[in-house]
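Here is the structure we will look at.
Residue numbers (my numbering): 69 to 207.
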């Protein structure tokens, strides 16, 4: 910061300019509902090969719920299109948590079974089937 101030005082640097009319117009265009709709449609078509209408139909077919955990979605915008990456075949719409979970295990069924077994074993070791106690925080 000090270098910039010195350079400005010495006349070596130019102060930041006001945004041009073109930049302002571009930002205004990007904020328009029409542009946002276009981006949404382009994203669905490019990444999954479906239209907004097809995604909305999938939403209705799933009765507005996540295909994995069955939690209700707020809107169609809060959904994530789950698909097989190699083939782009759509499996369904997922909530954010289920989509992240599948991504973290790389869609590996073996790893999911191992995690389920791990959780079941931890419940068996705890008294009364309660969740294991949290460890006390170190001070």
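Glycine is no exception: its CB is placed at the ideal position from the N, C-alpha and C atoms.
Between the stretch 124 to 139 and the stretch 153 to 161 there are three or more inter-stretch CB-CB distances shorter than 8 Å, so the stretches are counted as touching. Excluding its 5 nearest sequence neighbours in each direction, residue 110 has no C-beta neighbour in its own chain below 8 Å. The stretch 138 to 146 makes no contact with the stretch 170 to 186, as fewer than three CB pairs between them are under 8 Å.
For residue 150, the secondary structure class from DSSP, reduced to helix, strand or coil, is strand. At the C-beta level, residue 123 and residue 112 come within 7 Å of one another. The residues 159, 160, 162, in chain order, have a CB closer than 6 Å to that of residue 150 in the same chain once the five nearest residues on each side in sequence are set aside.
Residue 158: member of the beta strand (DSSP E) spanning 158 to 162, first to last residue. Here residue 166 carries a helix assignment [DSSP, helix/strand/coil]. In this structure, residue 144 sits near residue 127, with a CB-CB distance shorter than 7 Å.
Under DSSP, residue 88 forms no beta bridge with any residue. Among the bridge pairs identified by DSSP, residue 133 is matched with 140.
If you draw a straight line from the Cα of residue 155 to the Cα of residue 118, it comes to about 13 Å. For residue 125, there are no CB contacts under 8 Å within the same chain when 5 residues up- and downstream are skipped.
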